[in-house]
Every structure is written in structure tokens, then in C-alpha cells.
Amino acid sequence: MQLNPRLHDLGREVRGILIALVLIAATTAALLLLRHYFGILRGSILYLVPVMIAGYELGMIPALVTAIAGVFLSGYLVFSPLYTFQIASPQEALNLLLFIVVAVVVSHLSSLAKQHIQIAQKREQEMTDLYAFSRRLAAAPSAAEIFVAIQDHLANLVQRKVVLLGAADAGGESDVPESVRSTVTRAGHDEALEHIVEDANTDTWLIRRVSPRTPDFGLVAVDLGKVTGGELADMRHRIDDALADAAATLERLDVARALNEAKMRSETELLREALIGSVSHELRTPLASILGAATILHNAPALARDERLLALTAVVRDEAERLNIDIQNLLDATTISRQQVRPKLQWVEPIDIVNAAVDHRRRRLTGYPVTLDLDSNLPIVHVDPAQVEQALVQIIDNAAKYSPVGSPIRIAAHPHGHSHGRTVVLSVHDTGAGLTQEERRQVGGRFFRGPRHAVTTSGSGLGLWITKAFISANGGKVEVESDGVDRGTTVSIHLPMSAEEIMPEVESLDAEAMESAAE
Amino acid sequence: MSEIPTSVLVVDDEIQIRRFLRTGFELDGFQVHEAETGAEALRAATMKPSDLVILDLGLPDMDGADVLERLRAWSTVPLIVLSVRASEDEKVRLLELGADDYVVKPFGMAELLARAHSAMRRQLRMARGEPIIKFGPLAIDFAARAVSINDQRLPLTPKEYRLLQILAQHSGNVVTHQFLLREIWGNEHVDDTHYLRIFVRKLRRKIEADPTQPRILLTELGVGYRLVASDPAPVPQPDQAAAQ
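Which chain is which? The protein sequence lines are X and V, in order. Throughout the first sequence, residue numbering follows the numbering used here, covering 14 to 532 in sequence. Throughout the second sequence, residue numbering follows the numbering used here, covering 50 to 293 in sequence.
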């Protein structure tokens, strides 16, 4: 029933009155039967029975209605003269008056008794709940468990929505109605223990700190529904009790310090990421001028005859390009650590990825004899082409970085495996520094640099970490092999092969084309 | 160049970028005009129409894409977009809005000049209506709908021809996957990039000396394809290419 609650109450009263009238009718029938069979004339006391029943089961108003109806019927049926509403003697009138008083008092007392029993039951239930809550708090091994317990307990208490905010593993502000959110934000910053605010549906929300002493425990927002002043005070009192218990437990577990540290850590991390992002972007604009100018100088007729000057312009150009690559890596690393790597999958020719990567590192590979060994019949793969290319570029950079100039680098693309779990493998094989067992185990960790190279070769230790992050986001994996120190390294990217279903469709498409060509 | 120098309008709010672009274009024989803002660019394009526009996306007064859209409402001037690390989706959007090509900052001047000349050549050819276009050993005769490689006639299916024809019409400049798919297979197939992958592979086997090392039909990863002519690479043997 979605009726207005007042209308709902009225309906309940009307029903109670109807039931009371039925009770009166039944009592009257019983009275008439008693009179018929046993000749009892004075039975007005019988009317006290429906009054008590109505008072206990139906409430005050039906009980009063019953009492009044009982008085009238007694006057009609019991007090002489019979079968009129008139009263013969003052004695009789006094009797009737007495009956009225007794009826009203009885109706009131029975209604009150019922209320008291209900309150007692409710209190008992609350005590049981609170006891269960304390036991749950005592047994909670972590802050997260305690917050869940608080949420469950309060939700049970108010039978409406309860949202925990601002503490670890708690629900978000999105769970709070729009109209309450600004108060929540304010409550998160000011000193006040609690705020009371109405939402758009005129429901009252209580927003209160979990602990008056420790702001880090966050806030709790409780939807109290439509409450009167008295109910509100009562609710606040009980929520206070529950939270006091919970806050004590949280403090016992020293949760505050842990929460605070986690918050500091994430804020520092965020600041650093934001700084890297904006600095990288700001660096690119001047870099564009430097690189552009260097390429013009390098091809300028005025410099064409002087080898030494040409070599210098090449230095400016190449270093600017290297800086650009470093910036790109920082940006990629930021994206990865923010967990914002979201591959945009499309069908890609694997050979195109290899060619693009080699093309982007053409200058870096100058001086290294590069062999390309590409299978022209590879299935197409469903990946983010830019991310896989960026991953491969890192491996090519590493191959050139850790191999002496002049040593060959082989880049290959081949299918791998049988029927199930088949992959397309893009691999880079160099004959350079190789890896020790220990290095092979650690390589690919963020900022890991082999100690043998840390001094002699510059690098950030991000390259293979970026490769691994991008490839695993695309559903593939990276393998690193080496026969040992100075015996070269092979790094392979395995991309999932899923082209089986897609091939026949395209083949049939081409068959159509062939037919129309034959016409 | 002709007696009237070719003119280029450089739109970028960074003075250093405009400076090197001016020098780069002037050394290549261009007459250079500059604009710092989107509004200035639109005014300059109207008052003094140039033969080429270089448009930076990060302008102080309006989004470069808006400038492009407004310009394209009435002008077909060859236009190259400059941007700092645009995503593949962004590149595609700019090309669909009517940019002839894009170059990502930072870039080398040679790369920008190559893109610019391609865009202008295309414009010129459209004006003249050249019947035959050559890409190294590859010749496409639009009138006869015939394709040959080293003067040997190349048998192509209608869709293969259509693909090659569209790329040739945009010779040197990138054509997006979406555009190709829409033109060849229709609107409902704009996301079926696998169609293109398979057809491009077939076409490469016919026109490239080494299909794994394409020199004519190049991939612009995640964006589209371009057909290029500047190929001093070895000339493929026609029987070999066709036989594969």
C-alpha cells in the first residue's frame, strides 16, 4: 500500500471500530440468549468484555467506541424501563454512570497494558541486537568487518538506508541522495559531531561521525524516514549507543593510524602521478620546437658542407627524440599505475604492429643489423594496436640498449602452440648482455635495473614493466629467456589467437566479390 | 614551384613552433602566413586564402576541431592537423571532420613537408582529373578501371579494385578504416575492421614485392591506410607478386 501514512492510520482505526461493533453485536446476542434461557436481567457487566478486548487488541479509540455503544445498549436492554433509552429511577441512572466510568477506565487500562507489553518486547529485541552487535565487534578481525557490522546494525535498528562514508572499504557518496550529499561533504570537513537534514522526499537524514574523537573513522549517514521530534531524539540516543561501542572497538584495534597512513600514501601517490602527467605534457611543447628546429638545421643547405656541424644537429635531434621517448614512457607508466589501461580492441594484422614498431625505432636501430622474420600467413589478432606496438617498442629499445653496436637483432612474428591456447608470438632476439638467473627472475618489476648495468647504461627501469602491463591488459603474456651473461636475450609477446571464427565469414565475402568479377 | 609562390597558413599559439615552421616552409619555397588563434585563423582563411593550412589543435580561444569544422563548411583547402599526442580515436575523428592528414608533436620537418605535399598534390589532381596515377611500379588507370604493375595487367576483384581506388584518390594521405569500410561495404560494416585486414593482405600479395614489408600500401596503426609513391625500393617482379 503506497497510501499516505495518515490515510493508512485512519483506515486502521475505521477497521478497529468496525471490529469493535461486531464484538458489541456478539455480546448483545449473548446477553439476549442468556436472558431468554436463564432469565438473567442484569447483564450489563458483560459489555466490559468487548471493551477490554477492543482496548487490548484494537487500541484506545475502538475501545471507547465499544464502551459508548455498550452504555447505550445497556441503557436499552438492561436498565428499566426495558427496550427504551430512558432511565426510570435515579438509582438506575447512577448505575449506568458507574458503568460508563468503569468502561472508560477499563478501555484505557487495557490499551495501555498492550502498549507497555509492546515496548517491553521491542526493548528486549534491541538488547538482543545490541548484544549480538557487541559480540560481532569483539570478534571483528579488521576495520572493514567493524564497518560492515556498524552498517548492518544501524540498518537493522532504523529499518532504512544506512551509508558509511569516508573510511576504508566504506560505501561511496553516490549511495546518498543528491539532496543530502552537500551536507555530507560539509560534515566531512567541519568539527560538528552530527548534522540533521531533510532529503527531497522530506525524509530526515542523520549524518554523524562514527567517533567524536577520531575523524578518520569517517561518517555514517542514516535515513530515519519521517520522524517526529520525540522519535528523532530516541533514534539519536540509540545510534549514539551503537556508535560509541563501535568507536571503542575501532580504537582498540588502532585502526585510526592504519587508515591515516593509507590515506597519506594514496594522496602522495596521486600528487606524484598528477605532477608527472602535467610536467610531461608541458615538456612536450618546447620539445616540439627543439626537434622541429633541429630537423630543419640538419637539412639546411648552409650546413650541408660542414660534417662537424651536421653531427651536432644530429645530436640535438636524436637527444630530443630520446627525451620524447622518456616522456612517453612516464606517461604510459602513469596510465598503468592509475589502472587506466583500457585496451580499445580491434582486428589487427600482427605484421603491421611489428613494422610500425621497427619504423618508430628506425633511428635507434641504426648500426644494428636487423633481420625481420615475419610469417605472412599469421591470423589477425584482436588487440589494442597502439598498446601492443608500445609494448614491442620497449623490447626493441632494450635490445639495442643492452647490445653492442653492430650485433645483430632479429625480430620475428610466428604462430605458436596447437589447437587450443594458440598464440601469435612477436619476439625480439638480441646477442647482447643477456641475463643472469637472478636478473631473469626480477626483470619486468617496476623500476628494476640490473645491477650490472645500473651505472653504465641509462634507463628508468620502466620499459619491460610497461610491456608487461600493456600485454596483460590485452590478454597476452610476456616471456623472457636468456642463455646467460653475454649470450643474448629473447623477449616474446604472446597474443591470444582468436581469429578462427572470423576467417570463414570473410572468405565468403571474398567469394561474392569473385563472382561479381567473373560477370 | 610556379612564379606565384605557394602559400601556407600556420595556425599555432606557440611562437617558437610558428618560428621553426616559418623557416622550414620558407626553405621549401612557401610563402608563410601566421595566425595565433582560431578566430584569427578563420579570418585569415577568408581574407587571404592560402594553398595549405597547418592547424594546431590546442588553441587558446577555441577547440582546433571546431576551427576545422567551420573551415570545412566552405573550404576544401588542404589541411594538416598538429597535436600533442592525440589518441587513435582522436586522429580518426579529425580525419572524419575533413583534415587531410595529421602529424603528432614533436615531429621532424621532413615528415610534415611530405604530408603537406601529398595533400596539395591530391587537391591538384582532383582539379585536373588525372586519369592515371602511379605509385612506384603500380599504375592505376581510373578511366579503364585497370591496375598494372610494371606494365603488367593485374587481375583484381571489384572490392580489391575499389579499395585501391579510394586509397589512390587520397594518395599519400591516410584514409580511415571507417571511411574505407563505409565506402566499400556500407554503413552497417564500419566496425568490421577484419574485412579490411583480409583484403589488404590479399592486395599486398598482389602489389607488394614483399607483402611482409609493404612499400606502397602502408598501415597507419589503429587509424587507417595510406598509399605512397615515394618508393625507391627494389621493383617487384610482376609474376612473383601475382602468383602468391
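From the three backbone atoms N, C-alpha and C, an ideal C-beta is built for every residue, glycine too.
Whole-angstrom C-beta distance between residue j and residue i, which should lie under 8 Å
i: threonine 261 of chain V; j: leucine 387 of chain X; result: 4 Å
i: alanine 94 of chain V; j: valine 102 of chain V; result: 7 Å
i: valine 438 of chain X; j: leucine 448 of chain X; result: Contact doesn't hold; Cβ gap of about 19 Å is too wide.
i: alanine 426 of chain X; j: phenylalanine 483 of chain X; result: Not really, about 17 Å apart at Cβ, beyond 8 Å.
i: arginine 173 of chain X; j: leucine 237 of chain X; result: 7 Å
i: phenylalanine 79 of chain V; j: proline 54 of chain V; result: 7 Å
Contacting residues, own chain, Cβ-Cβ under 6 Å from residue i (five flanking each side not counted)
i: lysine 127 of chain X; result: Tyr69
i: isoleucine 422 of chain X; result: Tyr381, Val383, Ala412 and Asp443
i: isoleucine 349 of chain X; result: Ala482
i: serine 416 of chain X; result: Asp443 and Gly445
i: leucine 304 of chain X; result: Ala333
i: histidine 166 of chain X; result: Phe146 and Ala255
Per-residue burial, residue i [other beta carbons within 10 Å of its own, 16 or more giving buried]
i: phenylalanine 230 of chain X; result: buried
i: aspartate 499 of chain X; result: exposed
i: proline 204 of chain V; result: exposed
i: glutamine 134 of chain X; result: exposed
i: proline 314 of chain X; result: exposed
i: methionine 140 of chain X; result: exposed
i: lysine 357 of chain X; result: exposed
i: proline 363 of chain X; result: buried
i: phenylalanine 98 of chain X; result: exposed
i: asparagine 368 of chain X; result: buried
i: histidine 219 of chain V; result: buried
i: tyrosine 326 of chain V; result: No answer is possible for residue 326 of chain V: the residues shown for chain V start at 50 and end at 293.
i: tryptophan 478 of chain X; result: buried
Cβ neighbours of residue i in the same chain (closer than 8 Å, five flanking residues each side left out)
i: lysine 239 of chain X; result: Pro18, Thr215, Asp216 and Thr217
i: glycine 419 of chain X; result: Gly380, Tyr381 and Pro382
DSSP three-state assignment for residue i, whether helix, strand or coil
i: glutamate 257 of chain V; result: coil
i: histidine 166 of chain V; result: helix
i: lysine 490 of chain X; result: strand
i: histidine 429 of chain X; result: strand
i: serine 389 of chain X; result: coil
i: valine 176 of chain X; result: strand
i: leucine 300 of chain X; result: helix
i: phenylalanine 49 of chain V; result: The requested residue 49 of chain V is not part of the displayed model; chain V covers only 50 to 293.
i: histidine 166 of chain X; result: helix
i: isoleucine 265 of chain V; result: coil
i: tryptophan 123 of chain V; result: coil
i: histidine 129 of chain X; result: helix
i: glutamine 286 of chain V; result: At glutamine 286 of chain V, the pLDDT of 34 sits below 50, so the modelled position is not reliable and the matter cannot be decided from this model.
i: leucine 276 of chain V; result: strand
i: arginine 142 of chain V; result: helix
i: arginine 25 of chain X; result: helix
i: glutamine 80 of chain V; result: strand
i: lysine 357 of chain X; result: coil
i: glutamine 218 of chain V; result: helix
i: isoleucine 209 of chain X; result: strand
i: threonine 384 of chain X; result: strand
i: phenylalanine 184 of chain V; result: strand
Contacts of residue i in chain X (Cβ-Cβ under 8 Å)
i: valine 133 of chain V; result: His294, Arg297, Thr298 and Ala301
i: phenylalanine 69 of chain V; result: Ser302, Gly305, Ala306 and Ile309
i: alanine 159 of chain V; result: Thr308 and Asn312
i: threonine 125 of chain V; result: Residues of chain X passing the Cβ test: none, with the nearest at roughly 27 Å.
Close beta carbons around residue i, own chain, < 7 Å, minus the five adjacent residues each side
i: valine 272 of chain V; result: Glu137, Lys140, Val141, Val223 and Thr225
i: valine 197 of chain X; result: Leu178, Glu186, Val189, Ile220, Leu232 and Ala234
i: alanine 183 of chain X; result: Model confidence at alanine 183 of chain X stands at a pLDDT of 48, short of 50, so the residue's coordinates are unreliable and nothing is read from them.
Interface residues of chain V facing residue i [CB-CB closer than 8 Å]
i: proline 398 of chain X; result: Glu137, Leu270 and Gly271
i: leucine 477 of chain X; result: By Cβ distance, chain V contributes nothing, its closest Cβ being about 21 Å from leucine 477 of chain X, past 8 Å.
i: aspartate 365 of chain X; result: Thr268 and Leu270
i: isoleucine 349 of chain X; result: Going along chain V, no residue has its Cβ under 8 Å from isoleucine 349 of chain X, so there is no contact; the nearest lies around 16 Å.
i: isoleucine 393 of chain X; result: His243, Arg246 and Ile247
Partners in chain X for residue i, counting only beta-carbon separations shorter than 7 Å
i: threonine 242 of chain V; result: Gln359 and Trp360
i: arginine 250 of chain V; result: Glu362
Interface partners of residue i on chain X, CB under 9 Å
i: phenylalanine 156 of chain V; result: Ala301, Leu304, Gly305 and Thr308
i: leucine 76 of chain V; result: Ile309, Asn312, Ala313 and Pro314
i: glutamine 262 of chain V; result: Ile364, Asn368, Leu385 and Leu387
i: isoleucine 66 of chain V; result: Thr298, Ala301, Ser302 and Gly305
Neighbour list for residue i in chain V, Cβ cutoff strictly below 9 Å
i: alanine 413 of chain X; result: What alanine 413 of chain X touches in chain V: nothing, since even the nearest Cβ is about 20 Å away.
i: alanine 333 of chain X; result: Pro155
Listed by chain order, chain V residues near residue i by CB distance under 7 Å
i: glutamate 402 of chain X; result: Leu270
i: asparagine 337 of chain X; result: Pro155
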